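Enquirer: Counting from 1, position 373 in the sequence shown corresponds to residue 361 in the numbering used here; the numbering is continuous, with no gaps. Handing you a structure now.
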Amino acid sequence: MSKLHTPFRYDYVGSFLRPERLKKARADYESGKINKAELTAVEDDCIRALVAKVKELGYHVITDGEFRRSTWHLDFMWGFNGVEHRKTVDGNTTFDAEAAMIDDTYMVGKISVKNHPFVEHFKFIKALEDENTVAKQTIPSPGQFYAYFTGAELLADTLAIYGTEEAFADDVIKAYNEFVAEIYAAGCRNLQFDDCVWGGMVNPKLAVALTGRSGEALEEYKKLMLKLNNEVVAAAPEDLLINTHVCRGNYHSTFFSSGAYDSVADLLFGEENVNAYYLEYDDERSGGFAPLAKVSGDKKVVLGLVTTKTPALENKELVINRIHEAAKYVPLDRLYLSPQCGFASCEIGNKLTEEEQWAKLKLVKEIAEEVWG
């Protein structure tokens, strides 16, 4: 059992560009050319190669790159009883004017979870740990799960199954607690909640459109998201570190939302009881660092100052200057560095090459070592 803990001075969010071999295998599986076992064998090989590369670069955290997923969040939901999906035809979400071709996902009954497939996925990556690395598991936050099924589009369907939002919220907490128990038993000690809910809430008009709520009802909705996340954290074993990642969308180098953290800082930074925040800060859409003054206690902040959306390498001195600017609000010894999001939140991936992806991670490490030693 590795005793290392996230975050690290140089870190990353979780997903990586899918190799061409893996993309072909997934396409062949969907068209019936290969079976599930053959697809899994390719996934296994590609994940081993990914981990070897990450170790070669000197990083201390390993993931499976989300190579077994289509999307960062929906595949997790598909592992729950009561959730089904089908291929989208026209795209169902607009990312900076690009339609995202991801599956339509919906509930057909009350949710529960047992033997979630992500647990076996984690066991595979856990076995690749060594004395210098620790495996982490990324999943959508409880609030993200709840928000998906209680937003403006799906709320009526959810209420048809549950009757009340409170009953659904109770089942979300229960199911997440069951998943946490399973993944903990598999050896997971570093869990990451990926959370675009807060990234949507920073944009007032988008928040109303997504949730179908405004005014006091929207504020109460935000508090409920916080409560769901905190209740799952509170019920987790004491030696399970839970961090969270917040961004404004990341699909094929596009984004979903824009807005500074100011409007959510009191709840997100002041009251969410996670160990660390991985925060998008790669361009002007994220605003300034002043909201970080609301980060309570001794919580850590991983600054996502290097973008995964474009191949151009950042200016090292500018990034270092931004780290010291952030240190005006959070002490330098509680700051860390990473890209702003994954390289492939969905299997389509962002618009850069694998070589450019690795160059980004080399830069993150180089800057972190210069700043923190």
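Positions of the beta carbon are idealized from the N, C-alpha and C atoms, including for glycine. Being a predicted model, the structure only gives us computed values, none of them experimental.
(1) Of the residues Leu306, Val96, Asp254, Glu54, which one's Cα is nearest the Cα of Leu142?
(2) Let me know if Met189 comes out buried or exposed under the rule of 16 or more other beta-carbons within 10 Å of its beta-carbon.
(3) Report the residue from Glu344, Trp186, Asp159, Val294 whose alpha carbon sits nearest the alpha carbon of Ile311.
(4) In three-state DSSP terms, what is Ser274?
(5) Looking only at its own chain, which residues have a Cβ that is under 6 Å from the Cβ of Pro390, when we skip the five neighbours before and after it?
(6) Tell me the rounded alpha-carbon separation between Lys350 and Leu45.
(7) So, are the CB atoms of Gly175 and Ala123 less than 9 Å apart?
(8) Starting from the N-terminal side, write out each stretch of the alpha helix (DSSP H) that is 4 residues or longer and does not extend beyond the stretch 245 to 306.
(9) Under 8 Å Cβ to Cβ from Ala248, same chain only, skipping five residues before and after it: list those, please.
(10) Using only CA atoms, which one of Glu335, Asp271, Arg177, Tyr134 lies nearest to Leu229?
(11) Which value, in whole angstroms, describes the spacing of the CA atoms of Val168 and Ala224?
(12) By how many angstroms is the C-alpha of Ala281 removed from the C-alpha of Lys316?
(13) Can you list the alpha helix (DSSP H) stretches of 4 or more residues lying completely in the stretch 19 to 66, in chain order?
(14) Give me the DSSP bridge partner(s) of Gln180.
(15) CB Asp363 to CB Ser326, shorter than 9 Å?
(16) Mapping the DSSP letters down to three states, classify Leu366 as helix, strand or coil.
(17) Between Ala135 and the rest of its own chain, which residues show a CB-CB distance below 6 Å, the 5 nearest in sequence each way excluded?
(18) Are at least three pairs of beta-carbons, each pair with one atom in the stretch 14 to 30 and one in the stretch 191 to 209, less than 8 Å apart?
(19) Return the residue from the list Val234, Val307, Lys304 that minimises the CA-CA distance to Val289.
(20) Cβ atoms of Trp360 and Lys41: under 9 Å apart, would you say?
(21) What are the start and end residues of the beta strand (DSSP E) that includes Pro(-5)?
(22) Where does Leu10 land, buried or exposed, given buried means 16+ other C-beta within 10 angstroms?
(23) Assign Thr341 to buried or exposed, taking buried as 16 or more other Cβ atoms, counted over all protein chains shown, within 10 Å of its Cβ.
Expert: In short:
(1) Val96
(2) buried
(3) Val294
(4) helix
(5) Residue 390 cannot be examined here, being either before or after the span of the chain that is shown, -11 to 361.
(6) 7 Å
(7) yes
(8) 253 to 259
(9) Val190, Ser274, Gly275, Gly276, Pro279
(10) Arg177
(11) When only Cα atoms are considered, Val168 and Ala224 end up about 7 Å apart.
(12) 8 Å
(13) 24 to 44, 62 to 66
(14) Thr126, Asn231
(15) Here the chain has residues from -11 to 361 only, and residue 363 is not among them.
(16) In the structure as shown, the chain starts at -11 and stops at 361, and residue 366 therefore has no counterpart that could be examined.
(17) Val185
(18) no
(19) Residue nearest to Val289 within the set Val234, Val307, Lys304 is Val234 (criterion: CA-CA distance).
(20) no
(21) Looking at the DSSP string, Pro(-5) is not in any beta strand (DSSP E), and its letter there is neither H nor E.
(22) Buried is the label assigned to Leu10, since at least 16 other Cβ atoms lie within 10 Å of its Cβ.
(23) exposed
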